[in-house]
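In order, the protein sequence lines correspond to chains A and B. According to this note's numbering, the first sequence is numbered sequentially starting from 7. According to this note's numbering, the second sequence is numbered sequentially starting from 218. The beta carbon of each residue, even a glycine, is placed where N, CA and C say it ideally should be. As the structure is a prediction and not an experimental result, all values here were calculated from the model. What follows is a set of notes on a single structure, which appears directly below.
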Amino acid sequence: MTVFKGKGVYGAIAIGKASIFKRRDAAVRRESIEDPAKELERVEAAKAKAVEQLEKIHDKALKEVGEANAEIFEIHIMMLDDEDYNDSIKSIIETQKVNAEYAVAVTSDNFAEMFASMDDAYMQARSADIKDISNRLIACMSDDGNTFEGDGAKTIVCADDLAPSETVSLDKDKVLAFVTAYGSSNSHTAILARNMNIPAVIGAGEEFLKGITDGSMLIVDGHTGEIYVSPDEETIKRYTEKQEADARKKQLLQELKGKENVTLDGTKINIFANIGGVGSIGAVLANDAGGIGLFRSEFLYLESEDYPTEEQQFTAYRKVLESMAGKKVIIRTLDIGADKQIDYFKLDKEDNPALGFRAIRICLTRPEIFRTQLRALYRASAFGNLGIMFPMITSVSEVEKCIAACDEVKKELKSEGIKYNEDTEIGIMIETPAAAVISDRLAPLVDFFSVGTNDLTQYTLACDRQNAKLESFVDTHHEAILRLIELSAKNAHANGAWIGICGELGADPELTETFLRMGIDELSVSPPYVLPLREKVRSINLK
Amino acid sequence: MKQFTYTIKDEVGIHARPAGNLVKLIKGYSSTVTIEKEGKPAINATALMKLMGLGVKCGDTVKFSIEGDDEEASAKAIEEFMTANL
Numbered sequence: 007m008t009v010f011k012g013k014g015v016y017g018a019i020a021i022g023k024a025s026i027f028k029r030r031d032a033a034v035r036r037e038s039i040e041d042p043a044k045e046l047e048r049v050e051a052a053k054a055k056a057v058e059q060l061e062k063i064h065d066k067a068l069k070e071v072g073e074a075n076a077e078i079f080e081i082h083i084m085m086l087d088d089e090d091y092n093d094s095i096k097s098i099i100e101t102q103k104v105n106a107e108y109a110v111a112v113t114s115d116n117f118a119e120m121f122a123s124m125d126d127a128y129m130q131a132r133s134a135d136i137k138d139i140s141n142r143l144i145a146c147m148s149d150d151g152n153t154f155e156g157d158g159a160k161t162i163v164c165a166d167d168l169a170p171s172e173t174v175s176l177d178k179d180k181v182l183a184f185v186t187a188y189g190s191s192n193s194h195t196a197i198l199a200r201n202m203n204i205p206a207v208i209g210a211g212e213e214f215l216k217g218i219t220d221g222s223m224l225i226v227d228g229h230t231g232e233i234y235v236s237p238d239e240e241t242i243k244r245y246t247e248k249q250e251a252d253a254r255k256k257q258l259l260q261e262l263k264g265k266e267n268v269t270l271d272g273t274k275i276n277i278f279a280n281i282g283g284v285g286s287i288g289a290v291l292a293n294d295a296g297g298i299g300l301f302r303s304e305f306l307y308l309e310s311e312d313y314p315t316e317e318q319q320f321t322a323y324r325k326v327l328e329s330m331a332g333k334k335v336i337i338r339t340l341d342i343g344a345d346k347q348i349d350y351f352k353l354d355k356e357d358n359p360a361l362g363f364r365a366i367r368i369c370l371t372r373p374e375i376f377r378t379q380l381r382a383l384y385r386a387s388a389f390g391n392l393g394i395m396f397p398m399i400t401s402v403s404e405v406e407k408c409i410a411a412c413d414e415v416k417k418e419l420k421s422e423g424i425k426y427n428e429d430t431e432i433g434i435m436i437e438t439p440a441a442a443v444i445s446d447r448l449a450p451l452v453d454f455f456s457v458g459t460n461d462l463t464q465y466t467l468a469c470d471r472q473n474a475k476l477e478s479f480v481d482t483h484h485e486a487i488l489r490l491i492e493l494s495a496k497n498a499h500a501n502g503a504w505i506g507i508c509g510e511l512g513a514d515p516e517l518t519e520t521f522l523r524m525g526i527d528e529l530s531v532s533p534p535y536v537l538p539l540r541e542k543v544r545s546i547n548l549k
Numbered sequence: 218m219k220q221f222t223y224t225i226k227d228e229v230g231i232h233a234r235p236a237g238n239l240v241k242l243i244k245g246y247s248s249t250v251t252i253e254k255e256g257k258p259a260i261n262a263t264a265l266m267k268l269m270g271l272g273v274k275c276g277d278t279v280k281f282s283i284e285g286d287d288e289e290a291s292a293k294a295i296e297e298f299m300t301a302n303l
């Protein structure tokens, strides 16, 4: 048994097998080889592995989708064993003296083409099956293991690091937990893990990756950040008990559903949820959040190959608003920068993206992008209780420009006879020290503030949140940050605006009382934190 | 050697799933089985991809030839399978 330690970013325990995340090289290269017998052996070994995977998938499918639907995997296994298919691979390896991957790829193309050229739509579709089994076979040939996604069983995904887009594309149903060797607990990946309710440990170190192989037994403790490789029985027992205790706690929290967020002395606060896509609305409702305090609109841009149209955006926003049935939904306008790259934006590479051309700066420089989003937002405003929020604000003039852009869009919609809600609230993120310091000047212009504590921390403490080395220098409870929040709260209230916190700090139970005393009106947290936070609020007495 | 013909009644024809099941059934016997669709050369009936590639559709007639120690039993099982599934 070996123990590694990283930073736990979602407090839950997972016990299961490791699968190492490999970025699959899509292109198969043709390589000349000396020893055809060795390549044939590799094919056989890969076949055995592929069959084993397919059997697992078949078993899982049998349980989940029934015999009729599971049969296709049995057929995949038979296809892998098909004489002609195997003869073709063999003959290509032997006659052309090429690598096994290439032989499989060529065979795949030939057979797929045969099916594709048949005059029967059903059979044409079988070419996809050929490609599927061939890709699996090729993936099984890489010496250092397969991508985790080839396996139907739930595994603990282990990677050097995961890009946000990679994290998002993970199939939640196949992931027990994830562990990365690098990365910081404030990275977007960590935030996503929290949202997905998946135990995750970040920054376990590169020794961790060296210490495991596909199928290694692991325990991941998202509370402490500990990872046990090949744990002994006693440890497994201890952790199984912990896991059960977690489940009981979760059960208890379910009982808090429908209860008010009120302290013992009667002070109330709104607890909302942060989400990054339409798919998380279910989690918002399941965790009984009072609204959505931060809806990150970036996913629309990240998922798209080109600028999302007004109609695409409108459809997504409308769906969220309708799903929330009159509860507040605060949608933040585009917040990307050089660290969250989108190809078609053609942003220049920057040495210091955190201080770069990002968020509202892009919107104010490229008004056509901004206008499309604002039009979609205002059109959607007719379908629920929308608030629009602008990120990365540093000055009064920026806010004035944002409001002018909103007014322009409203005027357009009115002249086109399109409905929108005139009372749509406008707010800004307080995530730069500048905005907090001049919050007395900003508050009269808007309906609400929302404190983005992650960026506010990085800018106030001059610590890059993506830089794992700085972890020990980041004191999230630093007095400077708390004072900036308090100042903003005071100025908001003095000007009739309300103030919320939508950063990670909002979910920190050690600060809940502090925030309540500051008069914070709303805390917006990842959906799984809504009920624990409610429990915390209900235990506090401010008197 | 045993031989018989069968005309497909199933709407989709010998698609992946029945083809797979047929191959599985035939492999359960030691006899060699070929299948022939009108106008095309006979193929080994356990060659799954070729079998699928024949594109046997509803209304097509196929001829089975079974040869081996257990050809009686094999032919009977295939015929039953075809009647029940195709």
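DSSP places Gln-220/B outside any alpha helix (DSSP H); the residue lies instead in the beta strand (DSSP E), whose first and last residues are 219 to 224. Exclusion of the five residues before and after Phe-396/A leaves Thr-339, Ile-366, Cys-408, Ile-434 as the residues of its chain whose Cβ lies within less than 6 Å of its Cβ.
Ranked by how close their Cα comes to the Cα of Thr-321/A, the residues Arg-381/A, Lys-352/A, Val-268/A have Arg-381/A in first place. Closest in alpha carbon position to Pro-439/A, among Glu-431/A, Ala-410/A, Lys-96/A, Ala-486/A, is Ala-486/A. Taking 3 residues as the shortest admissible run, the segment 356 to 430 of chain A contains the following complete beta strand (DSSP E) segments, listed from N- to C-terminal end: 391 to 396. Glu-316/A and Gln-379/A have their C-alpha atoms roughly 6 Å apart. For Ala-264/B, the secondary structure class from DSSP, reduced to helix, strand or coil, is coil. Between Gly-221/A and Lys-23/A, the CB-CB gap stays under 8 Å. Neighbourhood of Asp-126/A in chain B, by CB distance below 8 Å: Gly-230, Gly-272, Lys-274, in chain order.
Cβ contact annotation for Asp-446/A (same chain, cutoff 6 Å, sequence separation greater than five): Asn-497, in chain order. Within the segment 85 to 113 of chain A, the residues whose Cβ lies closer than 9 Å to some Cβ of chain B are Met-85, Asp-87, Asp-88, Glu-89, Asp-90, Tyr-91, listed in chain order. Nearest C-alpha to Asp-461/A among Arg-35/A, Arg-364/A, Ser-329/A, Asn-501/A: Arg-364/A. Nearest CB-CB separation between Val-250/B and chain A: not below the 8 Å threshold. Beta-bridge pairing by DSSP links Asn-280/A to Leu-300/A. In the DSSP assignment, Ala-183/A forms a beta bridge with Ile-162/A. By the CB criterion at 8 Å, Gly-390/A and Gly-332/A fall inside the cutoff. Secondary structure note for Ile-287/A: its alpha helix (DSSP H) is the uninterrupted segment 287 to 292. Where Thr-251/B is concerned, the enclosing beta strand (DSSP E) starts and stops at 249 to 254. Residue contact with chain A for Met-299/B: absent (no Cβ-Cβ distance below 8 Å to any residue of chain A). Within the segment 207 to 284 of chain A, the complete alpha helix (DSSP H) runs of at least 4 residues fall at 212 to 216, 239 to 260.
The three-state reading of DSSP puts Ser-478/A in helix, counting H, G and I together. If one requires a minimum length of 3 residues, no beta strand (DSSP E) run lies completely within the segment 46 to 109 of chain A.
Think of a sphere of 7 Å around the beta carbon of Lys-257/B: no beta carbon from chain A falls inside it, the nearest being about 13 Å out. When secondary structure is reduced to three states using DSSP, Glu-311/A falls in the coil class, being assigned neither helix nor strand.
Non-local C-beta neighbours of His-499/A in its own chain, meaning closer than 7 Å and more than five positions away in sequence, comprise Gly-525, ordered along the chain.
If you look at Glu-284/B, you'll find it isn't in any alpha helix (DSSP H); it sits in the beta strand (DSSP E) that goes 278 to 284.
Ala-503/A has its alpha-carbon roughly 8 Å from the corresponding atom of Pro-450/A. Taking Gly-282/A as the centre and dropping the five residues before and after it, the same chain places the C-beta of Arg-302, Phe-305 closer than 6 Å to its C-beta, in chain order. In this chain, the beta strand (DSSP E) harbouring Lys-11/A covers 8 to 11. Distance from Arg-48/A to Ala-106/A at the Cβ level is roughly 5 Å; contact confirmed, criterion being Cβ atoms closer than 8 Å.
If you compare the alpha carbons of Gly-296/A, Leu-168/A, Gly-228/A, Leu-522/A with that of Phe-10/A, the shortest gap goes to Gly-228/A.
Distances from the alpha-carbon of Gly-245/B to those of Gly-256/B, Thr-300/B, Leu-303/B, Glu-288/B put Glu-288/B closest. Looking at the DSSP output, Glu-316/A sits in no beta bridge, so it has no partner there.
Under a criterion of Cβ atoms nearer than 9 Å, no residue of chain A is adjacent to Val-279/B; the nearest Cβ is some 15 Å distant. Within chain B, the residues Ala-233, Arg-234, Gly-237 have their CB atoms less than 7 Å from the CB of Ile-81/A, given in chain order.
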